[in-house]
Amino acid sequence: MISVSMKNISKSFGGNKVLDGVTFEVNEGEIYGLLGPSGAGKTTIINILSKRFAQDSGDFFVKAQNNEMGLMLEHDGLWGSLSCLDNLIVFEDIHKLPRERTIEVLENVGLSGAKKKAVDNLSKGMRQRLVLARAILHRPKVLFLDEPTSALDPLTARGIYELIRKLRDLGSTVFLTTHNMEEATNLCDRVVLLHCGKIIEEGAPHEICERHGAVKTLPDLESVFVKLTGGGLE
Amino acid sequence: MGFKAILKKQLKVFIKNPGVFVQFIIYPAIAWMILFFMDFDAMTGGMEYIEGITYEFLETFRQNMAANTPNMVTMQATIFAGMALIPVMAGFIAEDIEKKSLRFLTMAGVKPAAYLFGIGIVVAFFALLSSVAFSFISEFNGVDFWVFVGAMMSGVLGSIMLGATIGILTKNQQNATALSMPIAMVVGMGPLIAQFNGTVANALRFVYTQQLNIVADSLNGIITETPLWQSFAIMWANVAVFGAVFIVVYKKKGIKE
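So the sequences go chain by chain: D and A. Using the numbering used here, the first residue of the first sequence is number 1, and each one after it goes up by one. Using the numbering used here, the first residue of the second sequence is number 1, and each one after it goes up by one.
As structure tokens, then:
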């Protein structure tokens with residue numbers, strides 16, 4: 001069943017065409033990656049899907065109300081003087097969730113030890129994890145993640161991947177943007193490659209690599225590090 | 001939807017913001033100082049040596065100053081209602097816009113009225129405490145005490161709505177301060193200038209702080225032309241207009257910003 005779709009979407013800013021006839025469909029319960037370099041139009045797609053901008057032409061569909069979506073964007077929207085817990089309590093109250101859920105999510109993102117710490121005193125990576133916690137707090141039907149691991153170290157990023165997979169397994173549709181090819185390969189069920197506002201390729205990461213004869217095995221230092229340290233999120 | 005969440009959030013943000021919190025104490029404190037520390041003998045010290053000034057003139061001057069002290073205290077209350085609250089309210093909302101918090105709140109389903117009341121009630125609550133303090137300092141008793149608090153709260157609501165409208169129209173806190181301060185100066189200081197200039201008083205007659213000052217004057221025993229009900233009606237009309245503008249702009253900008 002289709003959860004998110006775009007059909008022939010175009011968008012320009014001041015004569016500069018950012019999206020040009022973008023079309024794709026995302027199935028329910030799928031991790032779908034939007035892959036491309038900076039300026040390719042990834043964030044614009046998320047902004048259109050989350051109704052921040054209106055498209056110039058074309059149609060889109062998201063099978064969720066606004067309050068059934070989870071958002072993790074470039075600007076975190078956190079209240080700096082409040083603690084991690086207090087920031088989440090705002091949304092716990094809005095979505096009428098039990099406190100146990102908030103505590104559980106803080107544990108899931110590895111921030112239970114910092115729950116009373118003011119956001120202004122968090123590292124960039126910790127802030128990013130808190131934003132993810134806020135995005136998944138209400139178990140959204142559709143989760144939009146704009147470069148979710150861009151400020152994270154590989155170990156923390158790995159923990160976030162696990163969390164995203166778990167959400168997918170619980171039925172959420174995850175729509176993420178990244179310019180990290182490895183992340184897209186390891187995490188996404190399907191990806192689209194975006195270049196200058198146009199989709200240039202679509203499919204499962206391994207299918208795309210095979211199609212283009214780009215399957216290779218690289219030494220994986222990150223796995224060695226995890227094996228040696230048993231590293232997790234904390 | 002979301003009123004309770006915004007109320008709780010704003011209470012925490014308010015308490016953790018001493019720069020804002022102190023304004024709700026400093027204005028009544030200055031009013032108290034005006035009342036209890038003003039030394040009219042010191043103010044007129046040396047004037048007896050000016051040629052042509054008589055002892056009777058100085059005595060009358062001192063008595064007039066002393067008689068006008070309650071008016072100076074209520075003027076301080078009017079300045080508080082106008083000048084302090086507009087930038088505070090605009091700043092809170094502009095901060096939520098600048099840091100994109102408003103977008104997350106809107107996406108989560110927080111309605112404009114819930115957001116406005118959630119933030120406004122926290123500001124109004126602390127302003128109520130300041131208003132009660134002003135009424136005590138002004139030594140109003142019985143019905144006058146509560147009429148003054150009621151008039152203050154009508155002025156406070158006017159400033160909250162005006163501040164909220166300025167806040168929602170701006171892009172960031174810097175912009176909100178730049179826009180709200182001159183407006184707050186006019187709204188807050190206007191009634192003071194109006195006391196000395198009939199044209200200004202006439203120009204400000206539909207501004208809520210001018211009406212607040214007229215109510216305070218009448219409670220201080222000064223004869224005013226405007227009946228109390230009319231002053232309250234004008235103040236509440238101001239509240240309604242600013243509130244309507246806020247709701248329209250929030251709906252347009254909530255998600256976009």
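Even for Gly, the Cβ is constructed at its ideal location relative to N, Cα and C. This structure is a prediction, so every number in the text was calculated from the model and none was measured.
Residue contact check for A/Met181 against chain D: no CB pair falls below 8 Å. The beta carbon of A/Ala176 is closer than 7 Å to those of Ala90, Gly91, Ala94, Ile166, Gly167 and Thr170 in its chain, skipping five residues each way along the sequence. 8 Å or more divides the Cβ of D/Val26 from the Cβ of D/Ile45. Pairing D/Gly197 with D/Leu35 gives a Cβ-Cβ distance that is not under 8 Å. Contact check between the segment 107-121 of chain A and the segment 82-100 of chain D: three or more CB pairs, one atom from each, fall below 8 Å, which counts as touching. Of the other Cβ atoms in all chains shown, fewer than 16 fall within 10 Å of the Cβ of A/Tyr55; this residue is therefore exposed.
Going by beta carbons, A/Met65 and A/Phe40 fall inside the 8 Å limit. Close partners of D/Ile94 in chain A (Cβ separation under 8 Å): Met1, Gly2, Ala5, Leu105, Ala108, Gly109 and Val110. Judged by DSSP in its simplified three-state form, A/Thr165 adopts helix. Straight-line measurement puts the Cα of D/Asp56 at about 7 Å from the Cα of D/Ile9.
A straight line joining the alpha-carbon of D/Lys42 with that of D/Thr177 spans about 6 Å. Per DSSP, the beta-bridge partners of D/Asn16 are D/Phe13. Residue-level contact by beta carbon fails for A/Lys252 and chain D, as no gap is shorter than 8 Å. Counting only runs that start and end inside the segment 72-140 of chain D, the alpha helix (DSSP H) elements of at least 4 residues fall at 84-94, 99-108 and 124-136.
One alpha carbon belongs to A/Val187, the other to A/Pro18, and they sit about 24 Å apart. Within 8 Å of the CB of D/Asp86, the CB atoms of chain A belong to Lys9 and Lys12, in sequence order along the chain.
The Cβ-Cβ distance between D/Glu28 and D/Met6 does not fall below 8 Å. Using beta-carbon distances, A/Asn64 does not count as an interface residue toward chain D, since no partner is under 8 Å.
Approximately 18 Å separates the beta-carbon atoms of A/Val122 and A/Val149; this is outside 8 Å, ruling out the contact. Residue-level contact by beta carbon holds for D/Gly77 and chain A, with a gap shorter than 8 Å. A/Ile160 has its alpha-carbon roughly 15 Å from the corresponding atom of A/Phe21.
Closest by C-alpha distance to D/Phe53, out of D/Ser12, D/Gly125, D/Leu85 and D/Asn87, is D/Ser12.
Note that the C-beta distance between A/Leu179 and A/Phe24 is not below 8 Å. Of the candidates D/Val192, D/Ile48 and D/Val4, D/Val4 places its Cα closest to the Cα of D/Lys63. Inclusion of D/Ser172 and D/Leu152 in the CB contact set at 8 Å is not warranted, their separation being larger than that value.
In the DSSP assignment, D/Arg190 forms a beta bridge with D/Tyr32. Within chain D, the C-beta atoms nearer than 8 Å to that of A/Ser101 come from Gly77, Leu78 and Trp79, in chain order.
Of A/Pro182, A/Met181 and A/Gln195, the smallest CA-CA separation from A/Met72 is found for A/Gln195.
About 6 Å separates the beta carbon of A/Ala81 from that of A/Leu212, a gap short enough to meet the 8 Å contact definition. Annotation for A/Asp41: the continuous alpha helix (DSSP H) segment containing it runs Phe40 to Met43. Unbroken alpha helix (DSSP H) runs of no fewer than 4 residues, entirely contained in the segment 198-225 of chain A, are found at 198-203 and 208-219, following chain order.
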